[in-house]
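As they're listed, the protein sequences go chains W and G.
Per my numbering, the first sequence starts with residue 5, numbered consecutively.
Per my numbering, the second sequence starts with residue 1438, numbered consecutively.
All C-beta atoms, glycine included, are put in the ideal place defined by N, C-alpha and C.
Down below is the structure, laid out as structure tokens.
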Amino acid sequence: EPEVTQTPSHQVTQMGQEVILRCVPISNHLYFYWYRQILGQKVEFLVSFYNNEISEKSEIFDDQFSVERPDGSNFTLKIRSTKLEDSAMYFCATRLRASTDTQYFGPGTRLTVL
Amino acid sequence: AQSVTQPDIHITVSEGASLELRCNYSYGATPYLFWYVQSPGQGLQLLLKYFSGDTLVQGIKGFEAEFKRSQSSFNLRKPSVHWSDAAEYFCAVYSSASKIIFGSGTRLSIRP
């Protein structure tokens, strides 16, 4: 079973600091996503990424957020200046190609902003 | 807009009993539907998916789900639950842009 991996598993940061969350997609997958889940709430879509550009983003994904795939393997989510309300579990997901292909989720990074 | 509703926030069933978790969706065209499971502190694992064809879908861990277009439902079932099935279960639908929209989840507890 192919796996999406994410690092770190848990990140604690001070409010106003920058954080970078990393994801290693499944090899050959072309579509990449970030979702987040605030404690006790539903999983929410943040952004989708294909062919080195953002395909779609939610209203949550404001100017403080950015994504990139700097080296053709890692897929990163950067939060420029973290806020308390950014505390959440962040999930990376990847998909091979067709819209009918499964999105595989990573184990998540728990971000705690103090 | 597409949406998913899971009316049950928390369900408790006895080990060995049958289970049905409810899910209703709102979607204009034929939906792509999913059930994911999340164990405490873990990521999201795909249990099963429906894209087309047979409306009764078999998944992993003995789960199945039935797509009923007339009722806009995609309920998850298992004939006999095990203590290890205790987890949070999310119903979800692909939106037109291929992002996944999740329901709010149903927490399943198992009574020994």
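Using 8 Å as the threshold, is the C-beta distance between Glu39/W and Thr98/W below it?
Counted from its first residue, the first sequence places residue 39/W at position 35. Counted from its first residue, the first sequence places residue 98/W at position 94. The sequence shown places Tyr at residue 39/W, not Glu. No; because the gap between Cβ atoms is not below 8 Å, this pair is not in contact.
Would you kindly work out how many angstroms separate the C-alpha atoms of Arg84/W and Phe109/W, rounded to a whole number?
Position 80 of the first sequence, counted from the first residue, corresponds to residue 84/W. Position 105 of the first sequence, counted from the first residue, corresponds to residue 109/W. Between Arg84/W and Phe109/W, the C-alpha separation is close to 24 Å.
Helix, strand or coil: how does DSSP classify Glu63/W here?
Along the first sequence, one-based indexing puts residue 63/W at 59. Here Glu63/W sits in coil by DSSP.
Using a Cβ-Cβ cut-off of 8 Å, state whether Lys46/W counts as contacting chain G.
Mapped onto the first sequence, residue 46/W falls at position 42. True, the Cβ-Cβ gap to chain G drops below 8 Å.
Using a Cβ-Cβ distance under 8 Å, would Gln1439/G count as near chain W?
Here residue 1439/G refers to the residue found at position 2 when the second sequence is read from its first residue. Judged by the 8 Å Cβ criterion, Gln1439/G is not in contact with chain W.
By the three-class DSSP mapping on this structure, what secondary structure does Ser1455/G have?
Taking the second sequence and counting its residues from 1, one reaches residue 1455/G at position 18. Looking at Ser1455/G - three-state DSSP - the assignment turns out to be coil, as it is neither helix nor strand.
Can the beta-carbon of Asp90/W be found less than 8 Å from the beta-carbon of Val47/W?
Taking the first residue of the first sequence as position 1, residue 90/W is located at position 86. Taking the first residue of the first sequence as position 1, residue 47/W is located at position 43. In this structure, Val47/W does not lie closer than 8 Å to Asp90/W by Cβ.
Indicate, with yes or no, if the ligand NAP has a heavy atom lying under 7 Å from the CB of Asp1445/G.
The ligand NAP is not among the ligands present in this structure, which contains no ligands whatsoever.
Ends of the beta strand (DSSP E) at Ala98/W?
On the first sequence, residue 98/W is found 94 positions in, with the first residue counted as 1. Looking at the sequence provided, one finds Thr at residue 98/W rather than Ala. It spans Ala92 to Arg99 - the beta strand (DSSP E) in which Thr98/W sits, taken as one unbroken run.
Arg114/W beta carbon less than 8 Å from that of His14/W
The count along the first sequence starts at 1 and reaches residue 14/W at position 10. The count along the first sequence starts at 1 and reaches residue 114/W at position 110. Yes; because the gap between Cβ atoms is below 8 Å, this pair is in contact.
Below-8 Å beta-carbon distance, Lys1498/G vs any chain W residue
The residue labelled residue 1498/G in the question sits at position 61 within the second sequence. Not an interface residue.
Between Phe1471/G and Ala1529/G, which are expected to be in contact by the criterion C-beta below 8 Å, what is the C-beta distance as a whole number of angstroms?
Here the question's residue 1471/G lines up with position 34 in the second sequence. Here the question's residue 1529/G lines up with position 92 in the second sequence. About 4 Å separates the two Cβ atoms, so the contact holds.
Using a C-beta to C-beta distance shorter than 7 Å, which residues of chain G count as neighbours of Gln107/W?
To locate residue 107/W, count along the first sequence from 1; it is residue 103. Ordered by position in chain G, the residues that pass the 7 Å Cβ test against Gln107/W are Ile1537.
So with Cβ pairs under 8 Å, would you call Phe1511/G a contact of chain W?
Locating residue 1511/G in the second sequence gives position 74, counting from the first residue. It does not; no Cβ of chain W falls within 8 Å.
Closer than 7 Å at the beta carbon, the chain G residues around Pro111/W
Along the first sequence, one-based indexing puts residue 111/W at 107. For Pro111/W, the chain G residues whose Cβ falls inside 7 Å of its Cβ are Gln1479 and Gly1480, in order along the chain.
Take the Cβ of Ile42/W as the centre, count every other Cβ of all protein chains shown within 10 Å, and call the residue buried at 16 or more, exposed below.
Counted from its first residue, the first sequence places residue 42/W at position 38. Ile42/W is exposed by the Cβ-count criterion.
Give the DSSP bridge partners of Gln27/W, in chain order.
Counting from 1 along the first sequence, the entry for residue 27/W is found at position 23. In the sequence on display, residue 27/W carries Cys and not Gln. In DSSP, Cys27/W forms a bridge with Gln10/W and Phe79/W.
Outcome for Thr1449/G when other beta-carbon atoms lying within 10 angstroms are tallied against a minimum of 16
Translated into positions along the second sequence, residue 1449/G becomes position 12. Exposed, by the Cβ-count rule.
Nearest-angstrom Cα distance between Ile1497/G and Asp105/W?
Residue numbering aside, residue 1497/G sits at position 60 when the second sequence is read from its first letter. Residue numbering aside, residue 105/W sits at position 101 when the first sequence is read from its first letter. Spanning the two alpha carbons is a distance of roughly 17 Å.
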